[in-house]
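Chains as they are written, first to last, in this note's numbering: chain A, 314 to 576; chain B, 85 to 384.
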Ligand SMILES: Nc1ncnc2c1ncn2[C@@H]1O[C@H](COP(=O)(O)OP(=O)(O)OP(=O)(O)O)[C@@H](O)[C@H]1O
Ligand SMILES: [Mg+2]
C-alpha cells in the first residue's frame, strides 16, 4: 500500500511538471466549462417569440422531450445535453495523456530497470500508475461538472435546470465516466508498452475517445438523441471492456516483459 | 553469497549466457569482464531477479532466483548499466522514492547519509536534469545503497566518467568493500578490475576463466624476468636458453626476457651464468603483465 502511494506521488510530482499534461488537465476542463456557460449566458440575452412546442416543428427530433416547453427552452435542453456529453470527453482524454507520459516517459528516461529491481510487485506498480492517471481525470471531470452545474443553476430557470440533474446525467458523470477512465488508462497502458514516443502513444490511445466523439457528433446533427438507454449501454460496454483489459494487463505485464519490451 | 549452477539465458534463438557456474563468497569483490554483448548485463539481470533464467539455477544471499525473487530484490542493490533518474525531480526526491520502495526504516536519515557521503548534499534540492554525468552516477549509486544491501551489483560503474570522477567512484567502491559487502562488478576497465577485485572472471557467453588477477597473469604468461643488457640481447639468448629452469626465452633489442617457474631460486644462478660469460647486465626486473594483456589473450 505504501509503495502504491509512493508511485502515485512520484507520478504526480513528475507528470504535472510536463506542460502538455498540465494543459490537458487544467486548460481542457476550463474550456469544457466555459463553452456551455458562455452559450447559456448568450442564450439568456436572446429574445423572440416563445412558441410552445406542441406540433411537429423544428424541434421534432427532440421527440417528446420538448412537449410543453418553449422553443428556446427546448433549445437550451438540447444544448445542455450536448455540452454534458462533451464533458465526458474529459474522463477519457485526461488519463490517456497522463498514462502515456508516465509510462513512455519512464521508458525513455531508462528509469524502469532500477524501479523493477526494487521489491515492488508488478501489480503494485501497475495499480500505482493507473490510479495516478485515474484520480486526476475523475477529479477534473467531477469538479468541472460541479462548476458547470453551479453556473447553470444561476442562469437557467429551475424547470430547465432539472434536466441537468436528471438521473441519466448523474449516471453518466458518476458511473459511466469512471468506467471510461479506466478503459482509457488500460488502453494507454497497453499501447504505451509497444511504442517509444509519448505523443504516438497518446494519439493511439486517444482513439478510445471515438465513441464519445461520435455521440457528440450524432447529437449535434440530430442523428442520435442521447437518452438513458444509450448511457446505460455505454456504461455496460465500458464495464465489460474494463474487466477484459484489466485481466489482460495483469496477465500480460510480467516483470521481464516490461523490462525487455518497454524500451 | 552468490552461487550459480549452469545458469543460462536464451533470447529467442540467441544464447546470451551459456551454463555459467560461479561461486562468490561473502565479502568478495568480483570482477566480471567480457567484450560487448558477452552477456554480462544479462547475467546481472538474472541475479537480481529482473529476468528469469532459461535454465540452470542461482542463489543470491541463500535465496533462489525464480522462487524467492522478492527476497532477492529486498537484499541486493543494483546500479544498472543505464541508470535513469527522474530528471524533473530533485536529487533528494529521487532518493526518497527509492527509500520508500525499499521500505527503509528511516528514509530521511538514509537519504541524508548517502547524499552527504557522495558529496551531493549541497545540490540536493536541484533537479536531477541539472546534474553532470558524474553526479548522476553518484546519485544512482546512492540509490542502490539506501537499503544497505549486503550484495551489490555494479554494471559498469565508471563508464563514461572523467578520470577524477571515476577515481572517486572507485575509492567509494573500495570503501564499500571495507564494510564487508559482496560486490559484483561488470567493467571494461581492466586496470580498475585489477585494482579493486579479489577475483575476476573473463566471460564471453561462456565462462572462460576465473582467478585472482595475479593468478591469471601467472597462469597465462608464467613469471617472466627481464634482463636489460648493455648490448644486443640476441647473442646472450643461447647462453641461457639451455638452462633447465627456463621454459621460454625471447630477445628484443637490449632486453632478454625469460619465463621461469621460480625466479626467486633461479635468478641468482642465471645472473651468475650471464656475468661469468661477460654479459653487461644493467638491470634485472620482473616483467609485469597487465590484466589487459591477459584479457586480450583470452577473448581473442
Ligand atoms: N531483451 C533482449 N532481447 C533479445 N536479446 C537480448 C536482450 N537483452 C540482451 N540481448 C542479447 O544478449 C546478448 C548479451 O547482451 P548483454 O547486454 O548481456 O551484454 P553485455 O555483456 O552487458 O554487453 P555490454 O558490454 O555491451 O554492456 C547480446 O547479444 C544482446 O543482443
Ligand atoms: Mg552490459
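Don't be surprised by glycine CBs; every beta carbon is placed ideally from N, CA and C. What you are looking at is a predicted structure, and each value in this text was computed from that prediction instead of being measured.
Classify residue 104 (chain B) as helix, strand or coil using the three-state DSSP reduction.
Reading the second chain from its first residue, position 20 is the one you call residue 104 (chain B). Strand.
Are any of the Cβ atoms in chain A nearer than 9 Å to that of residue 134 (chain B)?
One-based indexing of the second chain puts residue 134 (chain B) at position 50. Against chain A, the CB of residue 134 (chain B) has a partner CB under 9 Å away; the residue lies at that interface.
Beta strand (DSSP E) runs contained entirely in the segment 325-369 of chain B, provided each spans 3 or more residues
Within the segment 325-369 of chain B, the beta strand (DSSP E) runs of at least 3 residues that lie entirely inside it are, in chain order, 330-336, 339-344.
If we call anything under 9 Å between Cβ atoms a contact, is residue 525 (chain A) one with residue 402 (chain A)?
For the purposes of this step, residue 525 (chain A) is taken as the residue at position 212 of the first chain. For the purposes of this step, residue 402 (chain A) is taken as the residue at position 89 of the first chain. A distance below 9 Å separates the beta carbons of residue 525 (chain A) and residue 402 (chain A).
Segments assigned alpha helix (DSSP H), at least 4 residues, entirely inside the segment 522-554 of chain A
Runs found: 523-533.
For residue 352 (chain A), which residues of its own chain have a beta-carbon under 8 Å away from its beta-carbon, when the five flanking residues on both sides are left out?
Residue mapping note: residue 352 (chain A) aligns to position 39 of the first chain, counting from 1. Closer than 8 Å at the Cβ level, and outside the excluded window around residue 352 (chain A), lie 392, 396.
Apart from the five residues just before and just after residue 367 (chain A), which ones in its own chain have a Cβ nearer than 6 Å to its Cβ?
Position 54 of the first chain holds residue 367 (chain A). For residue 367 (chain A), the predicted model reports a pLDDT of 49, less than 50, meaning its position is unreliable and no value from the coordinates is stated.
Selected residue, minimal CA-CA separation from residue 169 (chain B), among A:390, A:388, A:423, A:383
Residue 169 (chain B) sits at position 85 when you count from the first residue of the second chain. For residue 169 (chain B), the nearest C-alpha among the options comes from A:423.
Is the beta carbon of residue 518 (chain A) closer than 9 Å to that of residue 324 (chain A)?
As a working note, residue 324 (chain A) is residue 11 in the first chain. As a working note, residue 518 (chain A) is residue 205 in the first chain. Their beta carbons are not under 9 Å apart, which means residue 324 (chain A) does not touch residue 518 (chain A) by this criterion.
Does residue 350 (chain A) come out as helix, strand or coil in the three-state DSSP assignment?
For the purposes of this step, residue 350 (chain A) is identified with residue 37 of the first chain, where counting begins at 1. In this structure, residue 350 (chain A) counts as helix in the three-state DSSP scheme.
DSSP puts residue 147 (chain B) in a beta bridge; with which residues?
For the purposes of this step, residue 147 (chain B) is taken as residue 63 along the second chain, with counting starting at 1. Residue 147 (chain B) has B:144 as its beta-bridge partners, per DSSP.
Between which residues of its own chain and residue 369 (chain A) is the CB-CB distance below 8 Å, once the five residues before and five after are set aside?
Start at 1 with the first residue of the first chain, and residue 369 (chain A) comes out as number 56. At residue 369 (chain A), the pLDDT of 44 sits below 50, so the modelled position is not reliable and the matter cannot be decided from this model.
Return the CA-CA distance between residue 254 (chain B) and residue 551 (chain A), expressed in angstroms with no decimal places.
On the second chain, position 170 is the one that residue 254 (chain B) refers to. On the first chain, position 238 is the one that residue 551 (chain A) refers to. If you draw a straight line from the Cα of residue 254 (chain B) to the Cα of residue 551 (chain A), it is about 55 Å long.
If you draw a straight line from the alpha carbon of residue 412 (chain A) to that of residue 167 (chain B), how long is it in whole angstroms?
Translated into the one-based positions of the first chain, residue 412 (chain A) becomes position 99. Translated into the one-based positions of the second chain, residue 167 (chain B) becomes position 83. Computed Cα separation, rounded: 22 Å.
I'd like the list of long-range same chain contacts for residue 338 (chain A), defined as Cβ closer than 7 Å, with 5 residues on each side in sequence excluded.
Taking the first residue of the first chain as 1, we reach residue 338 (chain A) at position 25. Excluding residues within five positions, the ones whose Cβ falls inside 7 Å are 407, 449, 453.
Which one of B:187, B:121, B:280 has the shortest CA to CA distance from residue 238 (chain B)?
As a first step, residue 238 (chain B) is located in the second chain; it is residue number 154 there, counting from the start. Considering only B:187, B:121, B:280, the residue with the shortest C-alpha distance to residue 238 (chain B) is B:280.
Only counting runs of 4 or more residues, tell me where the alpha helix (DSSP H) segments fall wholly within the segment 149-184 of chain B, in order along the chain.
Correct list: 153-159.
Using only the heavy atoms of ligand 1, determine whether one of them is closer than 8 Å to the beta carbon of residue 165 (chain B).
For the purposes of this step, residue 165 (chain B) is taken as residue 81 along the second chain, with counting starting at 1. Yes; taking the cut-off as 8 Å, the Cβ of residue 165 (chain B) has a heavy atom of ligand 1 nearer than that.
With 8 Å as the limit, tell me which residues of the segment 420-445 of chain A have their beta carbon closer than that to any beta carbon of chain B; keep them in chain order.
Answer set for the segment 420-445 of chain A: 422, 423, 424, 425, 426, 427, 428, 429, 430, 431, 432, 433, 434.
Whole-angstrom Cβ separation of residue 176 (chain B) and residue 208 (chain B), contact assumed at under 8 Å?
On the second chain, position 92 is the one that residue 176 (chain B) refers to. On the second chain, position 124 is the one that residue 208 (chain B) refers to. Indeed, because the Cβ distance is near 4 Å, the residues count as touching under 8 Å.
Does any residue of chain B bring its CB to less than 9 Å from the CB of residue 330 (chain A)?
Against the first chain, residue 330 (chain A) aligns to sequence position 17. Output row for residue 330 (chain A): interface = yes.
Could you compute how far the alpha carbon of residue 215 (chain B) sits from the alpha carbon of residue 173 (chain B)?
Your numbering for residue 215 (chain B) matches position 131 in the second chain. Your numbering for residue 173 (chain B) matches position 89 in the second chain. Across the structure, residue 215 (chain B) and residue 173 (chain B) are spaced so that their CA atoms are roughly 11 Å apart.
Give, in chain order, every residue of the segment 495-516 of chain A whose Cβ lies closer than 9 Å to some Cβ of chain B.
Answer in chain order: no residues at all.
Local conformation of residue 323 (chain B) per DSSP, three classes:
Position 239 of the second chain, counted from the first residue, corresponds to residue 323 (chain B). Residue 323 (chain B) falls in the helix class under three-state DSSP.
Any beta carbon of chain A sitting closer than 9 Å to that of residue 166 (chain B)?
Residue 166 (chain B) sits at position 82 when you count from the first residue of the second chain. Cβ-Cβ to chain A under 9 Å: yes for residue 166 (chain B).
Own chain residues within Cβ distance below 7 Å of residue 76 (chain B), not counting five before or after
In the structure as shown, chain B starts at 85 and stops at 384, and residue 76 (chain B) therefore has no counterpart that could be examined.
Enumerate in chain order the residues of its own chain whose CB-to-CB distance from residue 274 (chain B) is below 6 Å, with the five nearest sequence positions on each side excluded.
Reading the second chain from its first residue, position 190 is the one you call residue 274 (chain B). Excluding residues within five positions, the ones whose Cβ falls inside 6 Å are 375, 376, 379.
Cβ-heavy atom distance between residue 289 (chain B) and ligand 2 below 8 Å?
In the second chain, counting from the first residue as 1, residue 289 (chain B) sits at position 205. At a cut-off of 8 Å, the beta-carbon of residue 289 (chain B) does not count as near ligand 2: no heavy atom of the ligand is closer than that.
Quick check on residue 95 (chain B): does DSSP put it in helix, strand or coil?
For the purposes of this step, residue 95 (chain B) is identified with residue 11 of the second chain, where counting begins at 1. Strand.
Any residues in the segment 176-193 of chain B with a beta carbon nearer than 8 Å to a beta carbon of chain A? Which ones, in chain order?
Identification of residues in the segment 176-193 of chain B having a C-beta nearer than 8 Å to some C-beta of chain A yields 177, 181, 182, 184, 185, 186, 187, given in sequence order.
Run down chain A in chain order and give the residues with a C-beta less than 9 Å from the C-beta of residue 162 (chain B).
In the second chain, residue 162 (chain B) corresponds to position 78, counting from 1. Residues of chain A passing the Cβ test: 426, 427, 430.
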